[in-house]
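Note sheet for the following structure.
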Amino acid sequence: MTNAICIVDDEPMIRETLENILLDEGYPVITCANATALFQELERRTPALIFLDIWLPGMDGMAILSQLRESYSQVPVVMMSGHAGIEAAVNAIKLGAVDFLEKPLQLEVVLNRVSKLLAQPSGSRKELASDTLLEAVSYQDDVPSGAVSLEAAGRKQRTVADNMVLNGTGLLTGRNTGIILSPAKPGSGIQFQTLGGTTIPGHITALENFSQSVAEHTFTANSTVLAQQNCKVRTVEHLMAAFFMAGLDNVLVKVDEEIPNIDGSALDFAKVIAEAGTVEQDAEARTLVIHEKILVGIESPQEKHLYAEPATGFEIQMRVDYPAPIHEQVLTFNPERDSFHKDIAPARSFNTFENIDMAQKLGTVGSGYLNSHIILHDNKVINTELRFPDEFVRHKILDLLGDLFLIGHPVRGRVVANMTSHGYNQALVQKLHQSLASPQS
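Straight run, no breaks: the sequence shown in the numbering used here ends on number 510.
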């Protein structure tokens, strides 16, 4: 006989409703109104699963959960609440809860979770691979002769028309931060200026540990960080994507170590650029044109890889394939046909709760992840509603756009990517730069 499911809630109606739902499905049930009753019951028998309300008289649900993790760690606990927000949900999972349900409870959701939890052996859950570490990228050091070139773009260079300010929280530091966008002179490119006055080019050669990365084929997968003279500017990718898609060539960005991450998308950057407006300058813009295929990684559906190849315009084809709820997602983005502002800029960063928690414990990321990521746990999104059914592949395109603009010019060509993270993106841009700097090109 299956061990009973235990319901701990001080509201009799909740206990009765949930009990009836489970009994109708053939599950044995025990109910408790408070911590005292629960621990008395646990002395008699061990339940198969516990539904635990957060708000209880005396010892609250979070305190009970902490005690359960010490003495009954093998019993899965599902937290319930009608008033708690994202922080309570994340804290509950941090303390060891396997799920968090909002009241009023939905019949289908409850039964689905019970079925999965009781059928799932401990430790069998498959998680999204972590993008919080350095990753080695496979590619050849040589480049095809004449693979890329710089050609006239058929337009004037552009900069922002006015100064603009944007504030937010840093993803890695978790501190309040901000940026000031200012017009920049023709030919200056994207430039980041720290509070100490150090200027860091928004270019692949300013990538943190660039020489070592090139020598060892090892790049940072988590985010894109630029560095110069022991100064850093972190998480530039979303802002760079917004510059790329706004057709900006020259901008001065004043910043204190980290670009604000806002909600994990590029939407606020796109909005502030639109508010500032753009102006043409007295200099011709140039485009990086792809003439020959350049590949990094192993070209297989099972392997991370991406390549740039010739095309009449510019587009990105991206594929991802991760565990539920993501699965396989494929999307092509062409800025001449699609809207960056509507289709790509709103897509947010994502990762599993386990990866984020591990990175925070290691001290490699700050608290900025909490409200700037789609957080996945146990095959579902736990902290927000998706803006698109395929928001995950859209965000990967956003990251790739930002990293591509580290070449310093708009691109004419098609970029095809499979399961890539920042490390592979940066490796491709380094290859483009290498080809551009080659005497043959």
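Where a beta carbon is used, it is the ideal one built from N, C-alpha and C, also for glycine.
Of the residues HIS152, SER441 and ALA486, the one placed nearest GLY239, counting alpha carbons only: To locate residue 239, count along the sequence shown from 1; it is residue 170. That would be SER441, whose Cα lies nearest to the Cα of GLY239.
GLU378 at chain E interface by Cβ criterion, 8 Å: The chain labelled as chain E is not found in the depicted structure, where only one protein chain is given.
ILE76 to THR287 span [Cα, whole Å]: On the sequence shown, position 7 is the one that residue 76 refers to. On the sequence shown, position 218 is the one that residue 287 refers to. Distance between the alpha carbons of ILE76 and THR287: 50 Å.
Residue from ASP318, THR268, LYS373 and VAL348 whose Cα sits closest to the Cα of THR356: Your numbering for residue 356 matches position 287 in the sequence shown. Nearest of ASP318, THR268, LYS373 and VAL348 to THR356, Cα basis: ASP318.
Cβ-Cβ distance between VAL341 and MET488 below 8 Å: For the purposes of this step, residue 341 is taken as residue 272 along the sequence shown, with counting starting at 1. For the purposes of this step, residue 488 is taken as residue 419 along the sequence shown, with counting starting at 1. Going by C-beta atoms, VAL341 is not nearer than 8 Å to MET488.
Enclosing alpha helix (DSSP H) for THR105 [first to last residue]: Locating residue 105 in the sequence shown gives position 36, where the first residue counts as 1. Start and end: 104–113.
Rounded Cβ spacing between PHE261 and VAL229 (contact assumed at less than 8 Å): Mapped onto the sequence shown, residue 261 falls at position 192. Mapped onto the sequence shown, residue 229 falls at position 160. So it is not a contact: roughly 14 Å between Cβ atoms.
Beta-carbon gap between LEU400 and VAL320 smaller than 8 Å: Here residue 400 corresponds to residue number 331 of the sequence shown, with the count starting at 1. Here residue 320 corresponds to residue number 251 of the sequence shown, with the count starting at 1. For LEU400 and VAL320, no; Cβs fall outside 8 Å.
Of the residues LEU445, LEU469 and GLU112, the one placed nearest ILE395, counting alpha carbons only: Residue numbering aside, residue 395 sits at position 326 when the sequence shown is read from its first letter. Among LEU445, LEU469 and GLU112, the Cα nearest to that of ILE395 is on LEU445.
Segment limits, beta strand (DSSP E) that includes PHE261: Numbered from its first residue, the sequence shown carries residue 261 at position 192. Run containing PHE261: 259–263, per the beta strand (DSSP E) assignment.
Buried versus exposed call for SER193 [16 or more other C-beta atoms within 10 Å across all chains shown]: Locating residue 193 in the sequence shown gives position 124, counting from the first residue. Annotation note: pLDDT 39 at SER193 (below 50); position unreliable, coordinate value reported separately. By the 10 Å Cβ count, SER193 comes out exposed.
Classification of ARG463 by the beta-carbon crowding that lies within 10 angstroms, buried from 16 upward: On the sequence shown, residue 463 is found 394 positions in, with the first residue counted as 1. Classification for ARG463: buried.
Assigned secondary structure, ASP122 (DSSP; H/G/I helix, E/B strand, else coil): Indexing the sequence shown from 1 puts residue 122 at position 53. Note: ASP122 maps to strand in three-state DSSP.
Alpha carbon of VAL206 to alpha carbon of ASN278, nearest angstrom: The sequence position of residue 206 within the sequence shown is 137, counting from 1. The sequence position of residue 278 within the sequence shown is 209, counting from 1. Cα-Cα distance, rounded: 15 Å.
Bridge-paired residues (DSSP) for PRO394: Position 325 of the sequence shown holds residue 394. Paired residues: none, contrary to the question.
Bridge-paired residues (DSSP) for VAL147: Position 78 of the sequence shown, counted from the first residue, corresponds to residue 147. Paired residue(s): PHE120 and ASP168.
GLY127 - containing alpha helix (DSSP H), residue span: Counting from one through the sequence shown, the residue named residue 127 turns up at place 58. Where GLY127 is concerned, there is no enclosing alpha helix (DSSP H), given that its DSSP letter is neither H nor E.
Under 8 Å between C-beta atoms of LEU336 and ALA414: If you number the sequence shown from 1, residue 336 lands on position 267. If you number the sequence shown from 1, residue 414 lands on position 345. Their beta carbons are under 8 Å apart, which means LEU336 touches ALA414 by this criterion.
Stretch pair the stretch 473–493 + the stretch 445–457: three plus CB contacts closer than 8 Å: no
Beta-carbon proximity list for GLY127, same chain, < 8 Å, skipping 5 on both sides: Position 58 of the sequence shown, counted from the first residue, corresponds to residue 127. Excluding residues within five positions, the ones whose Cβ falls inside 8 Å are ASN103, ALA104 and THR105.
8 Å contact criterion, which ARG227 and GLY316 should meet: CB distance rounded: In the sequence shown, residue 227 corresponds to position 158, counting from 1. In the sequence shown, residue 316 corresponds to position 247, counting from 1. With 8 Å as the limit, ARG227 and GLY316 qualify as a contact, their Cβ atoms being about 6 Å apart.
Whole-Å CB distance - THR246 paired with ASP325, under 8 Å assumed: In the sequence shown, counting from the first residue as 1, residue 246 sits at position 177. In the sequence shown, counting from the first residue as 1, residue 325 sits at position 256. The Cβ separation is near 5 Å, so the contact holds.
Beta-carbon proximity of LEU186 to LEU118, cut-off 8 Å: Along the sequence shown, read from residue 1 onward, the residue named residue 186 stands at position 117. Along the sequence shown, read from residue 1 onward, the residue named residue 118 stands at position 49. A contact, by the Cβ cut-off of 8 Å.
Close Cβ partners of SER257 (< 7 Å) along its chain, the five nearest in sequence each way excluded: The residue you call residue 257 lines up with position 188 of the sequence shown. For SER257, where only same-chain residues beyond five positions count, the Cβ hits under 7 Å are ASN319.
Spatial distance of VAL98 from ILE443 (CA atoms): Taking the sequence shown and counting its residues from 1, one reaches residue 98 at position 29. Taking the sequence shown and counting its residues from 1, one reaches residue 443 at position 374. A straight-line Cα-Cα distance of about 34 Å links VAL98 and ILE443.
Cross-strand partners of ALA380 (DSSP beta bridge): Here residue 380 refers to the residue found at position 311 when the sequence shown is read from its first residue. None; ALA380 has no bridge partner.
THR201 versus ALA290 - alpha carbon distance: Position 132 of the sequence shown, counted from the start, is the residue given in the question as residue 201. Position 221 of the sequence shown, counted from the start, is the residue given in the question as residue 290. Caution is warranted here: a pLDDT of 45 is assigned to THR201, below 50, making its placement in the model unreliable, and the coordinate value is therefore given only provisionally. For THR201 and ALA290, the distance between alpha carbons rounds to 6 Å.
GLU220 - partner residues in DSSP beta bridges: Here the question's residue 220 lines up with position 151 in the sequence shown. DSSP lists THR356 as partners of GLU220.
Helix, strand or coil at GLY247 according to DSSP, with G and I counted as helix: As a working note, residue 247 is residue 178 in the sequence shown. Looking at GLY247 - three-state DSSP - the assignment turns out to be strand.
Neighbour-count burial assignment, ILE331, 16 or more Cβ in a 10 Å radius: Walking along the sequence shown from the start, residue 331 turns up at place 262. Around the beta carbon of ILE331, 16 or more other beta carbons sit within 10 angstroms, so the residue counts as buried.
GLU344 versus PHE409: straight-line alpha-carbon distance, rounded: Within the sequence shown, residue 344 is the residue found at index 275, counting from 1. Within the sequence shown, residue 409 is the residue found at index 340, counting from 1. Answer to the nearest angstrom: the Cα atoms are 16 Å apart.
Residue range of the alpha helix (DSSP H) that includes ALA345: Working through the sequence shown from its first residue, we reach residue 345 at position 276. 336–345 is the span of the alpha helix (DSSP H), which, as asked, contains ALA345.
Alpha-carbon to alpha-carbon, LEU164 and SER507: One-based indexing of the sequence shown puts residue 507 at position 438. One-based indexing of the sequence shown puts residue 164 at position 95. Approximately 54 Å, taken between the alpha carbons.
Which of helix, strand or coil DSSP assigns to VAL389: For the purposes of this step, residue 389 is taken as the residue at position 320 of the sequence shown. The answer is strand: DSSP assigns VAL389 an E or B state.
Contacting residues, own chain, Cβ-Cβ under 8 Å from GLY237 (five flanking each side not counted): Counted from its first residue, the sequence shown places residue 237 at position 168. Once the five neighbours on either side are set aside, the close Cβ partners of GLY237 are ASN245, THR246, GLY247, PRO329, ASN330, ILE331 and ASP337.
Inter-residue Cα distance where the pair is LYS195 and THR421: The residue given as residue 195 occupies position 126 in the sequence shown. The residue given as residue 421 occupies position 352 in the sequence shown. Summary for LYS195: the model assigns pLDDT 36, below 50, so the residue's position carries little reliability, and this model does not support an answer.
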